[in-house]
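Enquirer: Below is one structure. I have some questions about it.
There are 2 protein chains.
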Amino acid sequence: MVKVVKFGGSSLANAEQFKKACAIINMEKERRFVVPSAPGKRSGSDTKVTDMLYHTYDMAEKGEDFKKNLREIKARYDEIIDGLGVDLSLDYEFKKIAEMFTAGAGRDYAASRGEYLNGRIMAAYLGREFIDAAEVIRFDDDGVFDAEKTKELMKQKLNGLDGAVVPGFYGAYADGRVKTFSRGGSDITGSIVAGSIRADVYENWTDVSGFMVADPRIIDEPESIDTITYRELRELAYMGASVLHEEAIFPVRREGIPINIRNTNKPDDKGTWIVESTAQKPKYTITGIAGKKGFCAVNIDKELMNSEIGFGRKVLQAFEDYGLSFEHMPSGIDTMTIFVHQDEFMDKEQQVVSAIHRLADPDTVEIESDIALIAVVGRGMKSTRGTAGRIFSALAHANVNVKMIDQGSSELNIIIGVANQDFETAIKAIYDIFVTVKL
Amino acid sequence: MVKVVKFGGSSLANAEQFKKACAIINMEKERRFVVPSAPGKRSGSDTKVTDMLYHTYDMAEKGEDFKKNLREIKARYDEIIDGLGVDLSLDYEFKKIAEMFTAGAGRDYAASRGEYLNGRIMAAYLGREFIDAAEVIRFDDDGVFDAEKTKELMKQKLNGLDGAVVPGFYGAYADGRVKTFSRGGSDITGSIVAGSIRADVYENWTDVSGFMVADPRIIDEPESIDTITYRELRELAYMGASVLHEEAIFPVRREGIPINIRNTNKPDDKGTWIVESTAQKPKYTITGIAGKKGFCAVNIDKELMNSEIGFGRKVLQAFEDYGLSFEHMPSGIDTMTIFVHQDEFMDKEQQVVSAIHRLADPDTVEIESDIALIAVVGRGMKSTRGTAGRIFSALAHANVNVKMIDQGSSELNIIIGVANQDFETAIKAIYDIFVTVKL
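Chain order of the listed sequences is R and E.
This note's numbering runs 148 ahead of the 1-based position in the first sequence.
This note's numbering runs 148 ahead of the 1-based position in the second sequence.
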């Protein structure tokens, strides 16, 4: 049994958190490969080391004196080193970083040092080998992650090792230049390491005990989710959940490896299991609710639209021509509605409307703004009749007007459109009916 | 006040029905322009005159002796003439028809004689002018109805007349060759006459007292609809209602003329008013329910589909390339479902699936067949919260599994997908909750 364990920034923000993380690692010998993030915030007003690095590098690039800022960053690490009582000096590393900053090594290189240095400390403290991610995670010349080459490099470096520390967030081009993933990318690194060496489990340790059924900013102390499938998570993640980077799913999913989201501060909590498929019944009919405000509905009317071959395609062409993706496209007989992100659509609305007229010759086009979309997701919905009835009754009782409903044949989710101002009320009503009242 | 009154085939099937129709016409002097259909069935086992004409012409075209068949048709008309006691001989007309049949005048000409002759009888009986539709309804060289030219011709011929009879179902090209509308096209003629002369009302007299809330083959003696908007009707008509030809809506709608569906056998019934817009509240929250069996769902999965600009357009392109129109396209985050007519799709399914793969590179494509779509339509739904809740609760109680839900921003209808075998149960459940239980 091999586990890859990834620790987030808050789990490694100071020596105390570091000790917790390393105690967790040492608790099970299967936790062989560790992927650390950069030190996160020690308190609400603190700055993440990654942000400090970006800022310092920007100063260097402008030719400003960045030495004091770099010293502050070093102080963050030294505080951890001292607190852990580990015998390690980062003097040489910081000298090198200062040189590279002056030489214009790039923002990606700068940001990657957060994980790199934390990895060095962790390797020293755990007494495990340190593997620079630049040597095992490869991007091709276009900056696209090269899964094949990475797998090959990973196997070369990691095979035969009892354990190792691989810093998260970055990799390198073939020429060694560092390139980072998008923000939060240590999740991806953990997933790539787990997928490449075909680990049995990918443990992702963070500061919450897994996924919640609904957003805790809307629902007070929501229930947590025991087990969620990759597909369910995708349907929820897109709508705003932020526990796990969405691109972190694919590398492990491809290999059938489950992800276990755990809480460094509550290691006894079982957290959430993210799995390909499961016979386990969810605790409630729904697995989760997520949503997002700020959509526009573009309503298109045309008589006999449905019998006109190519009409829908032409309408979508108009959006594509202006670089817009659409969220949903519910349709009646003579009507069709396209939901798009309001912020992307705003600047282009008149051009898109005129393109729709030009390409598809509709009778009318109307735009409605400030719509929120809510996804109610659950593998349990397929086997439970009346889920939709309960959702819409709950919304009616809460006086929420439903502007759009969309449920495809997967029966995994129902998408509901409401006015922005009804967003929180709607989520509360749905949460209550399924979780609080357990209907 | 000017009314255009159209009578269907069952309202003019024999002398007795003819008298009822003409009594209705003479009851109000506003009923100035009359559009008759051809004689319909006198009983369940009878043949419509239009079908007799098609059959007889086919014989003529094959060089067979059609005289006996033509005599049978003449007998139908003579029976009406005798029953009405009107002084009219169709000998000359039938001689001309026989000549035209032999000369290969075409199936359109043949079929049009049903309305033409009925119009002649009606004009004689009412003592009104007869206007041959070939002189006032014009098709362009491509066989497309020419609204502009028709309006001009109508005005020339009808202006100044106190009343007239214009047979339904046909018109002519500029060179005088007859061309018919599609079957049931007398509804269209009535609408065109009403629209062209800007009538105040278009009365469409048939054998039912207007539209029913649901199909009487599924619901025993369903309630009738007092007032329905054009848009509501379109949403219902497409799904299978057959009282009025769907193309009959446009010519009057464009001029803001209401249609009143009336029952020749129950002239005191107020029938159904079809209007552009109305402040009248519908009797029930829903105006009507209609549906159709025999759809296929094509489920397409692709990771990160929603952020891929052009994905939906490419999928629809695959259907368009094979000449298929789609009904609905509900979508989740990584999934999208396209509903198509099963009979159209069956022969082409493998080509379409491979085109989807080629054009859009999805992860998986799955096909589900034997799905029925049900449209629950009502302008009252927008102002009544909880309609969706009641629908889906009712379906759950009836043990109907909902496979698809689709409601756009018009809030005028909700489209529901169920298994073919649940179709009748679903319609009954929805009818009961809104009409019987009046929830």
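Note that beta-carbon positions come from the ideal geometry of N, C-alpha and C, so glycine has one too.
For residue 434(E), decide whether its Cβ has a neighbour in chain R, counting only Cβ atoms nearer than 8 Å.
Expert: No, its Cβ sits nowhere closer than 8 Å to a Cβ of chain R.
Enquirer: Would residue 358(R) and residue 372(R) qualify as a contact pair, given that the criterion is a beta-carbon distance under 8 Å?
Expert: A contact, by the Cβ cut-off of 8 Å.
Enquirer: Can you tell me where the alpha helix (DSSP H) holding residue 575(R) begins and where it ends?
Expert: Its alpha helix (DSSP H) spans residues 571-579.
Enquirer: Classify residue 318(R): buried if its beta carbon has 16 or more other beta carbons within 10 angstroms, exposed otherwise.
Expert: So residue 318(R) counts as buried.
Enquirer: By the three-class DSSP mapping on this structure, what secondary structure does residue 440(R) have?
Expert: Three-state result, residue 440(R): strand.
Enquirer: With a threshold of 8 Å between beta-carbons, can residue 287(E) be considered close to chain R, or not?
Expert: False, the Cβ-Cβ gap to chain R never drops below 8 Å.
Enquirer: Who does residue 372(E) pair with in a DSSP beta bridge?
Expert: Note: residue 372(E) sits in a beta bridge opposite 360(E).
Enquirer: Restricting to Cα atoms, I'd like to know which of 330(E), 298(E), 409(E) is closest to residue 353(E).
Expert: Among 330(E), 298(E), 409(E), the Cα nearest to that of residue 353(E) belongs to 409(E).
Enquirer: When the Cα of residue 213(E) is compared with those of 191(E), 249(E), 176(E), 197(E), which residue comes out closest?
Expert: Nearest of 191(E), 249(E), 176(E), 197(E) to residue 213(E), Cα basis: 249(E).
Enquirer: Which residue marks the beginning of the beta strand (DSSP E) containing residue 154(R), and which one marks its end?
Expert: Segment 151-155, the beta strand (DSSP E) holding residue 154(R).
Enquirer: Decide if the region 173-184 of chain E is in contact with the region 270-284 of chain E; the criterion is three or more beta carbon pairs, one per stretch, under 8 Å apart.
Expert: They touch, by the three-pair rule.
Enquirer: Residues of chain C with a CB under 8 Å from the CB of residue 382(E): which are they?
Expert: Among the protein chains in the structure shown, which are R and E, there is no chain C.
Enquirer: Closest to residue 225(E) by CA distance: which of 462(E), 268(E), 528(E) is it?
Expert: Measuring from the Cα of residue 225(E), the nearest candidate turns out to be 268(E).
Enquirer: From the DSSP output, read off the bridge partner residues of residue 321(R).
Expert: Residue 321(R) is not bridged to any residue.
Enquirer: Rounded to whole angstroms, what is the Cα-Cα separation between residue 514(E) and residue 266(R)?
Expert: Residue 514(E) and residue 266(R): Cα-Cα distance of roughly 47 Å.
Enquirer: Please check if any C-beta of chain R sits within less than 8 Å of the C-beta of residue 561(E).
Expert: So, interface residue.
Enquirer: Would you kindly work out how many angstroms separate the C-alpha atoms of residue 246(E) and residue 494(E), rounded to a whole number?
Expert: About 44 Å.
Enquirer: In three-state DSSP terms, what is residue 223(E)?
Expert: Helix at residue 223(E).
Enquirer: In chain E, which residues lie with their C-beta within 7 Å of the C-beta of residue 527(R)?
Expert: Per Cβ cutoff of 7 Å: no residues; residue 527(R) is ~13 Å from chain E at best.
Enquirer: Under the rule that 16 or more other beta-carbon atoms within 10 Å means buried, what is residue 461(R), buried or exposed?
Expert: It counts as buried.
Enquirer: Counting Cβ pairs, one atom from each stretch, are 3 or more of them under 8 Å apart for the region 455-471 of chain R and the region 540-555 of chain E?
Expert: With the cut-off at 8 Å, the region 455-471 of chain R and the region 540-555 of chain E do not touch.
Enquirer: Just how far apart, CA to CA, sit residue 330(R) and residue 433(R)?
Expert: C-alpha separation (whole angstroms): 34 Å.
Enquirer: Given a threshold of 16 other Cβ atoms within 10 Å of its Cβ, counted over all protein chains shown, does residue 585(R) qualify as buried or as exposed?
Expert: Under this definition residue 585(R) is an exposed residue.
Enquirer: Chain E partners of residue 445(R), CB-CB under 7 Å?
Expert: Here the neighbours are 557.
Enquirer: When DSSP builds the beta bridges, which residues end up paired with residue 489(E)?
Expert: DSSP lists 443(E) as partners of residue 489(E).
Enquirer: Mapping the DSSP letters down to three states, classify residue 184(R) as helix, strand or coil.
Expert: The answer is strand: DSSP assigns residue 184(R) an E or B state.
Enquirer: List the whole-angstrom C-beta distance separating residue 397(R) from residue 446(R), where the pair is believed to meet the contact cut-off of C-beta under 8 Å.
Expert: About 31 Å; that fails the 8 Å criterion.
Enquirer: Which residue from 379(R), 392(R), 376(R), 347(R) puts its Cα closest to that of residue 332(R)?
Expert: Considering only alpha carbons, the answer is 392(R).
Enquirer: Does DSSP put residue 588(E) in a helix, in a strand, or in coil?
Expert: With chain E represented from 149 up to 587, any question about residue 588(E) goes unanswered, as that position is not in the structure.
Enquirer: Mind listing, in chain order, the continuous alpha helix (DSSP H) runs of no fewer than 4 residues lying wholly within the region 245-320 of chain E?
Expert: DSSP runs (the alpha helix (DSSP H)) wholly in the region 245-320 of chain E: 255-274, 281-284, 295-306.
Enquirer: Please report the distance separating the alpha-carbon of residue 517(E) from that of residue 477(E).
Expert: Rounded to whole angstroms, residue 517(E) to residue 477(E) spans 15 Å at the Cα level.
Enquirer: Under 8 Å, with one C-beta from each stretch per pair, do the region 532-545 of chain R and the region 535-545 of chain E reach the 3-pair mark?
Expert: Cβ pair count under 8 Å is three or more, so yes.
Enquirer: Less than 8 Å separating the beta-carbons of residue 501(R) and residue 472(R)?
Expert: No, Cβ-Cβ distance for residue 501(R) and residue 472(R) is not below 8 Å.
Enquirer: Identify each residue in the region 357-370 of chain E for which the Cβ-Cβ distance to at least one residue of chain R is less than 9 Å, and report them in chain order.
Expert: From the region 357-370 of chain E, no residue has a Cβ closer than 9 Å to chain R.
Enquirer: Is the CB of residue 393(E) under 8 Å away from at least one CB in chain R?
Expert: Chain R contact via Cβ: absent.
Enquirer: Hey, quick one: how far does the alpha helix (DSSP H) through residue 338(R) stretch, first residue to last?
Expert: 334-344 is the span of the alpha helix (DSSP H), which, as asked, contains residue 338(R).
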